[in-house]
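Trainee: Those letters in the sequence shown? Residues 1 to 306, by full-length UniProt numbering.
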Amino acid sequence: MMPVRPLPPALAEKARIELGEDPKRLEENIWQMKQWVSKQPHLRARTDDQWLAAFLRGCKHRLEQTKTKMDLYYSLRSTAPYLYSVKHFDPKFIEIINLGTTLILPKTKNPADPRVILYRIGQYNTKDYTLLDVIAVLGLMEQICFMEDDNLVVSGTINVVDLGGTRWSHFTQTSIRQLKYLIQANQDAMPIRIKSIHFLNTPMFFETFFNISKRFLNEKTKNRLWMHNRNIDALHEHVSKEILPKEYGGSGDSIPEIIAYWKNKVRSYNSFLEEDLKYGTDESKRPDKSAKIEAVNEPFSRLELD
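1) Can you tell me where the alpha helix (DSSP H) holding D49 begins and where it ends?
2) If you check the beta carbons only, do M190 and E247 fall under 8 Å apart?
3) Using CA coordinates, which residue listed in L72, W262, F89 and P245 is at the minimum distance from I255?
4) Going along the chain, which unbroken runs of the beta strand (DSSP E) with 3 or more residues stay wholly within the region 88-130?
5) Between T108 and I243, is the Cβ-Cβ spacing less than 8 Å?
6) Report all residues from its chain with a CB closer than 8 Å to the CB of T157; omit the five preceding and five following residues, and keep chain order.
7) State the Cα-Cα distance for the pair S38 and R177, rounded to the nearest angstrom.
8) Who are the near neighbours of C59 in its chain, counting only those whose CB is closer than 8 Å to its CB and skipping five residues on each side?
9) Is it buried or exposed, D253, if we count other Cβ atoms within 10 angstroms and call 16 or more buried?
10) What is the DSSP secondary structure of T68, reduced to helix, strand or coil?
11) What residue from L19, P3, A10 and E13 has the CA that sits closest to Q27's CA?
12) Indicate whether L217 and H228 have their beta-carbon atoms separated by less than 8 Å.
13) From which residue to which residue does the alpha helix (DSSP H) around F205 run?
14) Indicate the three-state DSSP secondary structure (helix, strand or coil) for V86 in the structure shown.
15) Starting from L225, trace the beta strand (DSSP E) both ways and give me its first and last residue.
16) By alpha-carbon positions, which one of R25, Y73 and L56 ends up nearest to G280?
17) Do you know how far the Cα of S78 is from the Cα of K278?
18) Would DSSP call V239 helix, strand or coil?
19) Which word fits R44, buried or exposed, when buried means at least 16 other C-beta atoms lie within 10 angstroms of its C-beta?
20) For D276, which three-state DSSP category applies?
21) Roughly how many angstroms lie between the CA atoms of Q173 and L179, to the nearest whole one?
22) If you follow the beta strand (DSSP E) that T174 is in, where does it begin and where does it stop?
23) For E13, which three-state DSSP category applies?
24) F226 and F209 look like a contact to me (Cβ under 8 Å); what is the Cβ gap, rounded to whole Å?
25) As a quick exercise: from S75, M33, L7 and D149, pick the residue whose alpha carbon is nearest that of K285.
26) Whole angstroms is fine: what's the gap from Q50's alpha carbon to F206's?
27) May I have the straight-line CA-CA distance separating K220 from M147, to the nearest angstrom?
28) Determine the closest residue to D149 out of L273, I104, A136 and S251, with distance taken between C-alpha atoms.
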């Protein structure tokens, strides 16, 4: 198996300071994770060194937390399959990428900056797609990032949520239960450190939906939410104009260029995404059945946002 790719100097320093990483600890923890996975009768998990490194870094090398996160990451595929409604071979997959509803921006301003993810929720028609479809596509894109994007893995993400063009149906097509699992999957099971979430162009009725969502968030999460509404200049204080598309007052790659970048990227990862379909859990073989119930019902106290 390929060894873990060496980090560029600025990210290596950030990993040392923020994640407590050194090469020896990383190597040892990867070995520990492989041993652990091999002893879980219910778990079918990817064990590439680079993949395991992403989970370890997302948990600051806390081994027990890494195990819990990885177990939950794979068990949600069987306990909440609607979160994975779109597969890489579905026509919807490329259709949603073509709409540019979720764009992981290819560039960062500085070598150790977090990765910026742009959500353009109003770009899809709720008669054709759901929020769950869109987030399922993003989840596949993020899998690619776990393998190759050191900025996302080490420095975390800045999320820009543009609600321009959204209608009431964008917010009502997801049930509260599904919303709960969506938050669980993206903030509890993903090895991603969320640094901030910025909302743009919020419609009048957004507050209702937002108040429901906030029930699932802890104080640390709430302190990382920014409401800019139509004030694009306020966003620029947090996200450099140099990487934002011109539609957001920036001078970075255009939205069509970013879409083309991701279409090429997912094509090159076709066999990786195909292989990924075999991973998951068999809950009937889980040694401690109560662990699954706890993981599903009690996720929101453990959001990884530091």
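In this text, a Cβ means the ideal position worked out from N, Cα and C, and glycines have one as well.
What you are looking at is a predicted structure, and each value in this text was computed from that prediction instead of being measured.
Mentor: Taking the definition as stated:
1) Working through the sequence shown from its first residue, we reach residue 49 at position 49. Where D49 is concerned, the enclosing alpha helix (DSSP H) stretches over D49 to G58.
2) Sequence index remark: in the sequence shown, residue 190 carries index 190 (1-based). Sequence index remark: in the sequence shown, residue 247 carries index 247 (1-based). No, the Cβ-Cβ distance between M190 and E247 is not below 8 Å.
3) Translated into positions along the sequence shown, residue 255 becomes position 255. Residue P245 is the option with its Cα nearest to I255.
4) 102-104 and 115-120
5) Along the sequence shown, one-based indexing puts residue 108 at 108. Along the sequence shown, one-based indexing puts residue 243 at 243. The answer is yes: Cβ separation under 8 Å.
6) Counting from one through the sequence shown, the residue named residue 157 turns up at place 157. Only P114, R115, V116, I117, I192, R193, I194 and K195 meet the Cβ criterion.
7) Reading the sequence shown from its first residue, position 38 is the one you call residue 38. Reading the sequence shown from its first residue, position 177 is the one you call residue 177. The alpha-carbon atoms of S38 and R177 are separated by roughly 33 Å.
8) Taking the first residue of the sequence shown as 1, we reach residue 59 at position 59. Answer for C59: Q65, T66, K69, P191 and E304, listed in chain order.
9) The residue labelled residue 253 in the question sits at position 253 within the sequence shown. By the 10 Å Cβ count, D253 comes out buried.
10) The residue you call residue 68 lines up with position 68 of the sequence shown. Correct three-state label for T68: helix.
11) Against the sequence shown, residue 27 aligns to sequence position 27. First, the residue type needs correcting, since residue 27 is Glu and not Gln in the sequence shown. The residue with the shortest Cα to Cα distance from E27 is P3.
12) For the purposes of this step, residue 217 is taken as residue 217 along the sequence shown, with counting starting at 1. For the purposes of this step, residue 228 is taken as residue 228 along the sequence shown, with counting starting at 1. Contact: no.
13) One-based indexing of the sequence shown puts residue 205 at position 205. Looking at the DSSP string, F205 is not in any alpha helix (DSSP H), and its letter there is neither H nor E.
14) In the sequence shown, the residue the question calls residue 86 occupies position 86. If DSSP states are grouped into helix, strand and coil, V86 belongs with coil.
15) Counted from its first residue, the sequence shown places residue 225 at position 225. Its beta strand (DSSP E) spans residues L225 to N229.
16) Counting from one through the sequence shown, the residue named residue 280 turns up at place 280. Looking at the Cα atoms, Y73 is the closest of the given residues.
17) By 1-based counting over the sequence shown, the position of residue 278 is 278. By 1-based counting over the sequence shown, the position of residue 78 is 78. Approximately 12 Å between the Cα atoms of the pair.
18) For the purposes of this step, residue 239 is identified with residue 239 of the sequence shown, where counting begins at 1. DSSP places V239 in coil when its eight states are reduced to three.
19) For the purposes of this step, residue 44 is taken as the residue at position 44 of the sequence shown. By the neighbour-count rule (16 or more Cβ atoms within 10 Å), R44 is not buried but exposed.
20) Here residue 276 is taken as the residue at index 276 of the sequence shown, counted from 1. Of the three classes helix, strand and coil, the one that applies to D276 here is helix, per DSSP.
21) Counting from 1 along the sequence shown, the entry for residue 173 is found at position 173. Counting from 1 along the sequence shown, the entry for residue 179 is found at position 179. About 10 Å.
22) Here residue 174 corresponds to residue number 174 of the sequence shown, with the count starting at 1. Premise fails: T174 is in no beta strand (DSSP E) and is neither H nor E.
23) Along the sequence shown, read from residue 1 onward, the residue named residue 13 stands at position 13. If DSSP states are grouped into helix, strand and coil, E13 belongs with the helices.
24) Position 226 of the sequence shown, counted from the first residue, corresponds to residue 226. Position 209 of the sequence shown, counted from the first residue, corresponds to residue 209. Note that residue 226 is Trp in the sequence shown, not Phe. With 8 Å as the limit, W226 and F209 do not qualify as a contact, their Cβ atoms being about 17 Å apart.
25) Within the sequence shown, residue 285 is the residue found at index 285, counting from 1. Nearest C-alpha to K285: S75.
26) If you number the sequence shown from 1, residue 50 lands on position 50. If you number the sequence shown from 1, residue 206 lands on position 206. Roughly 39 Å between the two C-alpha positions.
27) Position 220 of the sequence shown holds residue 220. Position 147 of the sequence shown holds residue 147. Their backbone Cα atoms lie some 28 Å apart in a straight line.
28) As a working note, residue 149 is residue 149 in the sequence shown. Measuring from the Cα of D149, the nearest candidate turns out to be I104.
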